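A short write-up of the structure that comes next.
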Amino acid sequence: MKTQNRQKLIVVLGATASGKTSLARQLAQKFGGFIISADSRQVYRYMDIGTGKVDTFEELVDLKRQRNALCDRNLNLPADYVLKLEGVPHYMIDIVLPNEEYNVALYQKDVYAFVKNESPAPHFLVGGTGQYIDAVVDNWQFPEGEPNYALRFELEQRIASEGVESVWNELISLDSACAEFVQKNNFRRVARALEYVLSTGKKFSGERGKGERQFNVLKIGISLPREELYKKIDARVEARLKLGMIEEVENLHRARGLSFEQLHRFGLEYRVIADYLSGKFSSFPEMRERLKWNIHAYARRQLTWFRKGEDIQWISEYEKIQRAVERFLFYH
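Here full-length UniProt numbering is used: the first residue of the sequence shown is 1, the next is one more, and so on.
What follows is the structure in structure tokens.
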């Protein structure tokens, strides 16, 4: 595809709690665009507070109202499922149920199908899931073959009961190159990679490559000093707990039928609060501090991933970001 014929895609990325979503919404409002979420957990319905879809009670009520209206229409395609958050159209949010299988390959496929049929309005790909962003931007090529769900479940159960170490070591012993792009703390990805290796006898790393880029891309990275980022994370944890994050996890368990082991798959808030509800913490303060610590560690892993990326413009001032987007849209 010739460069001049590609659609333009503006990527806004950064660590959790860095302010990327708020900034992207300002840009979308300024340039008349829409947001494509690049968050591996926001794709799931009913996971609202812990994934950061909403920040206030009023936003939560409005999200549930929109969700009910969309569900009543029995929409089948992600492109048909659009939520307006703070007045900005958002796609790739709420598109699957928590008990359904979804992964980076499906995400890439859905985004590509959606963008090809979408209007020429500016596209903002926004989030902190590095693999989702890179899969879309770099046109990752994925291993072919039917999933072995029984084996995947077995591996996920091993991780839940024994920890990730043994499954990770088995994967690296069979396919050492996976260490370069499969994050050890991404339990689902580790299980999927080993599932592929054991099921096919092929190396997972050998099947992954890059195709021709589908977009002209501007990548903007939002970076904050480490201590400022930690303070924002801690304040957000406190706010989400007050908004009802524990009740959200409890509802997923009791009303939506997700076991505590299944909730572990979604990591961070859902893993820690599932452990709290199942009695693995001695007190609420202990759980709260563990949650903050885990999210600090997650933010560091996100930044490590992004620092390996190419062509990211790390900018902190909104005015400079706005000018960069303007140049890209109108003069590039």
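Even glycine gets a Cβ: it sits at the ideal position worked out from N, Cα and C. All values derive from a computational prediction rather than experimental measurement.
Report the start-end ranges of each alpha helix (DSSP H) in the stretch 230–279 that is 4 residues or longer and not cut off at the edges. 245–254, 260–264, 268–277
When the Cα of Glu154 is compared with those of Phe266, Arg188, Met287, which residue comes out closest? Locating residue 154 in the sequence shown gives position 154, where the first residue counts as 1. Answer by Cα proximity: Arg188.
Which same chain residues, not among the five before or five after Leu263, have their C-beta less than 6 angstroms away from its C-beta? Mapped onto the sequence shown, residue 263 falls at position 263. Cβ within range, chain order: Tyr270, Ala274.
Please classify Asp94 as buried or exposed, where buried requires at least 16 neighbouring CB atoms within 10 angstroms. Stepping through the sequence shown from its first residue, residue 94 is reached at position 94. By the 10 Å Cβ count, Asp94 comes out buried.
For Leu27 and Ser199, I'd like the C-alpha separation in whole angstroms. Position 27 of the sequence shown holds residue 27. Position 199 of the sequence shown holds residue 199. When rounded, the distance between both Cα atoms is 45 angstroms.
Quick one: is Cys71 buried, meaning 16 or more other Cβ sit within 10 Å of its Cβ, or exposed? Residue numbering aside, residue 71 sits at position 71 when the sequence shown is read from its first letter. When all chains shown are included, Cys71 counts as exposed.
Report buried or exposed for Val61, applying the criterion of at least 16 other Cβ atoms within 10 angstroms of its Cβ. Here residue 61 is taken as the residue at index 61 of the sequence shown, counted from 1. Exposed: under 16 other Cβ atoms inside 10 Å.
Can you list, in chain order, the residues of its chain with a C-beta nearer than 8 angstroms to that of residue 344? Leave out the 5 residues immediately preceding and following it. It is not possible to answer for residue 344, since the shown part of the chain is limited to 1 through 332.
Along the chain, where does the beta strand (DSSP E) containing His123 start, and where does it finish? Stepping through the sequence shown from its first residue, residue 123 is reached at position 123. Start and end: 123–127.
Have a look at the DSSP bridge pairing and note the partners of Ser37. Position 37 of the sequence shown, counting from 1, holds the residue named residue 37. Bridge partners of Ser37: Val126.
Going by the beta-carbon positions, is the gap between Leu13 and Ile321 smaller than 8 angstroms? In the sequence shown, residue 13 corresponds to position 13, counting from 1. In the sequence shown, residue 321 corresponds to position 321, counting from 1. By the CB criterion at 8 angstroms, Leu13 and Ile321 fall outside the cutoff.
Taking the alpha carbon of Arg141 as the point to measure from, which residue in Val167, Gln214, Glu162 has its own alpha carbon closest? By 1-based counting over the sequence shown, the position of residue 141 is 141. Reading the sequence as shown, one finds Gln at residue 141 and not Arg. Taking only the C-alpha atoms, the option nearest Gln141 is Gln214.
Among residues of its own chain, excluding the 5 on either side of Gly130, which ones have a beta-carbon nearer than 8 angstroms to its beta-carbon? On the sequence shown, position 130 is the one that residue 130 refers to. Within the same chain, Gly130 has close Cβ partners Leu13, Gln302, Trp305, Phe306, Gly309.
Around the Cβ of Phe124, are there at least 16 other Cβ atoms within 10 angstroms (buried) or fewer (exposed)? For the purposes of this step, residue 124 is taken as residue 124 along the sequence shown, with counting starting at 1. Buried, since its Cβ has 16 or more Cβ neighbours within 10 Å.
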